[in-house]
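At position 9 of the sequence shown the residue is numbered 101 (the working numbering), and the sequence of numbers has no breaks.
Report on one structure; see the data block that follows.
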Amino acid sequence: MRIVAVFGLVRPEMDSRESGDSAIDLLRSAIDASGLSTRKWAEQVAWRDERTVRRWLAGRAIPAAVVRELRRRLME
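Below, the structure written as structure tokens:
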């Protein structure tokens with residue numbers, strides 16, 4: 093966990109995110125391994141809107157908690 097200063101206040105950074113090819117590859121692998129469409133995976137597994145998952149696949153930063161969960165599930 094990183095500490096950040098915001099408006100003079102010091103607090104833990106709660107919105108850490110990961111981006112890059114490895115996170116996207118991990119996401120694609122999880123979707124493929126599920127056998128679900130991107131829409132169904134987004135709704136049933138990630139509990140996210142399909143557009144959010146498509147943004148992640150297009151290169152937007154993926155929340156670190158999501159990446160950790162993807163890694164955990166793929167290691168099972």
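Beta carbons are placed, not taken as given, at the ideal position from N, Cα and C, and that holds for glycine.
- Message: If contacts are defined as beta-carbon pairs under 8 angstroms, then A125 and L162 qualify, I think. What distance do you get, rounded to the angstrom?
- Response: With a Cβ gap of about 10 angstroms, A125 and L162 do not count as contacting.
- What separation, rounded to the nearest whole angstrom, lies between the Cα atoms of R140 and E168? 22 angstroms
- Message: For K132 and V158, what's the separation of their Cα atoms in angstroms?
- Response: 17 angstroms
- Task: Please name the residue in I116, R146, P155 and D117 whose C-alpha comes closest to that of T130.
- Result: Comparing Cα-Cα distances from T130 to each of I116, R146, P155 and D117, the minimum goes to R146.
- Output the distance between the C-alpha atoms of R143 and P155, rounded to the nearest integer angstrom. 15 angstroms
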